[in-house]
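Asker:
Residue numbers (this note's numbering): 5 to 113.
(1) Can you tell me which residues form a DSSP beta bridge with residue 103?
(2) Using alpha carbons as the reference points, say which of 112, 66, 46 lies closest to residue 40.
(3) Less than 9 Å separating the beta-carbons of residue 3 and residue 105?
(4) Taking a contact to mean a Cβ-Cβ separation below 9 Å, would you say residue 72 touches residue 32 in this structure?
(5) Where does residue 53 sit, in a helix, a strand or coil, going by DSSP?
(6) Quick check on residue 6: does DSSP put it in helix, strand or coil?
(7) I need the DSSP call for residue 64, collapsed to helix, strand or coil.
(8) What does a CB cutoff of less than 6 Å around residue 49 pick up in its chain, not counting 5 residues either side in sequence?
(9) Whole angstroms is fine: what's the gap from residue 34's alpha carbon to residue 9's?
Next comes the structure, spelled out in structure tokens:
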């Protein structure tokens, strides 16, 4: 499989709140495009030594990612952050496809 996939991302980061309870908001958007082949044909061998080609599912050509993060420090010893990331491939967002990931972190000192 040959692959070349450049990736570009832009993010906006804003601090707000006050000195006692700082907050941070970050928005991210990224785009990647597969420039070489999207096929996944591999050569496999049987136990008797016979070689044959096995084609796999094609790789997506385009990938769009978007994310948002919110972090805050409600008390001097407690930090809370929440993240959400969404990845859509080949217009999958129109077909309700793609993948999402998220997380919540709570740290106490």
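Note that CB positions come from ideal geometry on N, CA and C, so glycine has one too. Keep in mind it's a predicted model, so treat the numbers as computed, not measured.
Answerer: By the coordinates alone:
(1) 91
(2) 66
(3) Outside the modelled stretch of the chain, which goes from 5 to 113, sits residue 3, for which no answer is possible.
(4) yes
(5) coil
(6) coil
(7) coil
(8) 55
(9) 12 Å
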